[in-house]
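Visitor:
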Amino acid sequence: NRIIFSGIQPTGVPHLGNYLGALRPWVKLQDGAAPDDQLLFSIVDLHAITIKQDSSLLRQWRKEMFASFLAVGLDPKKSILYAQSDVPAHAELMWILSCSASMGYLSRMTQWKSKMSLPSNANPFDTSTSKKKDAPALKLGLFSYPVLQAADILLYKTTHVPVGEDQAQHLEFARELAITFNHSFGAELLVPPQTIISPAKRVMSLAEPTKKMSKSDPDVKSRILITDTKEKIHKKIRVALTDSIQGVSYNRETRPGVSNLIDIMYHFQEEQFTSPEQLAQDLFGPETSLKALKEKVADTVDEHLREVREAFNNAMSMGDAEMSGVARESANTANQLASSNLKTIKAQMGLGWD
Ligand code: ATP
Ligand code: MG
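In UniProt numbering, each residue's number is its place in the sequence shown (first place is 1) plus 34.
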C-alpha cells in the first residue's frame, strides 16, 4: 500500500502551475487509489509564515485553499485534507530532524535564495550580503524550511510525494535526511519517499516566462488563478510576454513565452496530442498570429477551469463552521497517525516515558 502526502501553502488562490503541477495530479491519485492506499493533502500554513503574513489574510487564504481542494475534486471521504498547524507533531518532528540536518546542505538549497531575490551562489554565512542596508535578514525559519517539509513527509511514513519540479531538491534533502537519521539510530524509523513529478512540472510566469509561475509573485498578471473569470483569463493571456518572431513554433529556449502558452494548452489536452511540439504543428504554424494563439489558449484554459471556478464559489458559500468541521475531523485522523509514528521515533531515541 502507498502512503501519499503533499502540501500547498495558503499564500493565495492556486494558479495554473499549482493546478496542473499539483492539485490535478493529486485528484488523479486519489481517484485511482487502491482501497489500502492512504492519501494526505495538507494546507501548510506553518510554511507560509516563513515569509511575513498578515493574520486575517492568512486566515482568508487558508479558507480559500480548503475551498480550492474541494473545488478541484479532492474528497474528504477519500483523502485526509487538513491544515498543518492543526497537527502539532509536524513541528515536533521538525525539531528532532533539525538535530540531524546539515547546515551546509541547507545553505545550498535554492528556494530561500530565490525568495530573498539573492543569486543562486549566495552564502547564508557571508555577512557582507546581510550588511547591505536594504537587504532583508535571512530568517531561521526560511532557511530551515526544508527540514519542516521533511518532517511533514516523514511523519506519516510517506512512500510517494507528488509535487512540481521546484520541490525536487527539497525531496532529495528529505530522502537523505531519512537515511542519515535511520543510520544514526540504527533502525528503519523513517521511510525515504519517492518523488512523483507531474508532466506539467514547471508552468512559467506569464510576465517573465523564464521564472516559474508563483502565488507570491507581486505581479498579479504573472499568473492565472483557478478562480479567474473568462474575461480575466483572456486579459492576462493577451498581455502575456511573448516575442517578435513571426508565426507560432515551439522552442522552450528561444521562445519561452510562446512555448509556455503552448505547454499550458497541451497540458489540458494531453490525450489528444503526443507532445506540445505536435500540438503546435497540428493547430498552428508560421501563418498563425500570436494574437490568434493567445485567443485559442485562453479559450482552452477557460473551458477547462469553468467547472472548478463554479465549484470554488459553491465551496466558499459553505458556512465557516461547516468547513472547519470537515477540516478538524480530517486533522483528528492525521493526528492519530502522526502521534503514533512520532511515539515510535521518540522511544527509539530515548525520549518520553515507556
Ligand atoms: P509561493 O510563491 O507562495 O511559494 P507557489 O506557487 O510556489 O507559492 P507552493 O504552495 O509553494 O506554491 O507549492 C504547491 C505545489 O505547487 C508544489 O507541489 C509545487 O511544486 C507546485 N507548483 C508551484 N508552482 C508551480 C509551477 N509554476 N508549475 C508547476 N508546479 C508548481
Ligand atoms: Mg513555492
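Every residue, glycine too, gets a C-beta built ideally from N, C-alpha and C. Model, not experiment: these values are computed from the prediction.
#1: For S248, which of helix, strand or coil comes out of DSSP?
#2: Around the C-beta of F100, are 16 or more other C-beta atoms found within 10 angstroms, so that it is buried, or is it exposed?
#3: Comparing C-alpha positions only, which one of H338, K377, V360 sits nearest to R58?
#4: Take the Cβ of I298 as the centre, count every other Cβ of all protein chains shown within 10 Å, and call the residue buried at 16 or more, exposed below.
#5: Could you tell me how far apart the beta carbons of G198 and A56 are, in whole angstroms, since I believe they sit closer than 8 Å?
#6: With H, G and I counted as helix, E and B as strand and the rest as coil, what does DSSP make of I85?
#7: Who are the near neighbours of D388 in its chain, counting only those whose CB is closer than 8 Å to its CB and skipping five residues on each side?
#8: Checking the sheet assignment: what are the DSSP bridge partners for Q203?
#9: Going by beta-carbon coordinates alone, are L240 and L189 separated by less than 8 Å?
#10: Any heavy atom of the ligand SAM inside 7 Å of the beta-carbon of A184?
#11: Buried or exposed: which applies to M137, given that a residue is buried once 16 or more other Cβ atoms fall within 10 Å of its Cβ?
#12: Determine, using beta-carbon pairs with one atom in the stretch 304–322 and one in the stretch 335–354, whether at least three such pairs fall under 8 Å.
#13: Opposite A117 in the DSSP bridges: which residues?
#14: Relative to the C-alpha of L182, which residue among L127, P153, R362 is closest?
#15: Just how far apart, CA to CA, sit L211 and M238?
#16: In the DSSP assignment, what are the bridge partners of Q72?
#17: Run through DSSP, which three-state label would L104 get?
#18: Pull the bridge partners of I231 from the DSSP assignment, please.
#19: Would you give the residue range spanned by the alpha helix (DSSP H) that N285 belongs to?
#20: Have a look at P310 and P226 and give me their C-alpha separation to the nearest angstrom.
#21: Roughly how many angstroms lie between the CA atoms of P252 and S151, to the nearest whole one?
#22: Helix, strand or coil for I296, going by three-state DSSP, please let me know.
#23: Taking the beta carbon of A368 as the centre, do at least 16 other beta carbons fall within 10 Å, making it buried, or is it exposed?
#24: For a test of the three-state rule: what should DSSP assign to I42, helix, strand or coil?
#25: Check whether the stretch 71–84 and the stretch 324–336 touch, using three or more Cβ-Cβ pairs below 8 Å as the test.
#26: In whole angstroms, what separates the C-alpha of R272 from that of S373?
#27: Mind reading off the beta-carbon distance from T229 to I38? Whole number of angstroms is fine, and I expect it under 8 Å.
#28: Which residues in the same chain as H301 place their Cβ atom closer than 6 Å to its Cβ, once the five residues preceding and following it in sequence are excluded?
#29: F103 to N52, Cα distance in whole Å?
#30: Taking I375 as part of the alpha helix (DSSP H), name the residues at either end of that continuous run.
#31: Taking 8 Å as the threshold (C-beta atoms), are A208 and I187 in contact?
#32: Along the chain, where does the alpha helix (DSSP H) containing A123 start, and where does it finish?
#33: For M238, does the three-state DSSP call read helix, strand or coil?
#34: Tell me the DSSP secondary structure of L223 in three-state form.
#35: How many angstroms separate the CA atom of A68 from the CA atom of N35?
#36: Looking at residue 15 and the ligand MG, is the gap between the Cβ and the nearest heavy atom below 7 Å?
Guide: On the basis of the supplied data:
#1: In the three-state reduction of the DSSP assignment, S248 falls in the coil class.
#2: Buried.
#3: The alpha carbon of R58 has as its nearest neighbour, out of H338, K377, V360, the alpha carbon of H338.
#4: Under this definition I298 is a buried residue.
#5: Contact between G198 and A56 is confirmed by a C-beta separation of about 6 Å, below the 8 Å threshold.
#6: If DSSP states are grouped into helix, strand and coil, I85 belongs with coil.
#7: Counting only Cβ-Cβ distances below 8 Å, and skipping sequence neighbours, we find A381.
#8: DSSP lists no beta-bridge partner residue for Q203.
#9: No.
#10: Among the ligands in the structure shown, the ligand SAM does not appear; only the ligand ATP and the ligand MG can be found there.
#11: That one is exposed.
#12: Contact between the stretch 304–322 and the stretch 335–354 is absent, because fewer than three Cβ pairs lie under 8 Å.
#13: In DSSP, A117 forms a bridge with I77.
#14: The residue with the shortest Cα to Cα distance from L182 is L127.
#15: The C-alpha of M238 is placed about 30 Å away from the C-alpha of L211.
#16: According to DSSP, which records beta bridges pairwise, Q72 is partnered with I37.
#17: It is helical.
#18: In the DSSP output, where bridge partners are listed per residue, I231 has V197.
#19: Where N285 is concerned, there is no enclosing alpha helix (DSSP H), given that its DSSP letter is neither H nor E.
#20: Straight-line Cα distance between these residues: approximately 33 Å.
#21: If I take the Cα positions, the gap works out to 13 Å.
#22: If DSSP states are grouped into helix, strand and coil, I296 belongs with the helices.
#23: That one is buried.
#24: The answer is strand: DSSP assigns I42 an E or B state.
#25: Taking 8 Å as the limit for Cβ pairs, the verdict is that the stretch 324–336 does not touch the stretch 71–84.
#26: Using only the alpha carbons, I get a separation of about 50 Å.
#27: That pair is no contact at about 12 Å.
#28: Here the set comprises L54, A234.
#29: Our two residues, F103 and N52, have alpha carbons roughly 11 Å apart in a direct line.
#30: Going by the sequence as given, residue 375 is Asn instead of Ile. Run containing N375: 354–383, per the alpha helix (DSSP H) assignment.
#31: It is a contact, given that the beta carbons lie within the stated cut-off.
#32: Looking at the DSSP string, the run of the alpha helix (DSSP H) that includes A123 is 123–132.
#33: Reduced to three states, the DSSP call for M238 is strand.
#34: Note: L223 maps to coil in three-state DSSP.
#35: Whole-angstrom Cα-Cα distance: 8 Å.
#36: For residue 15 there is no data in the structure shown, the boundaries of the chain being 35 and 388.
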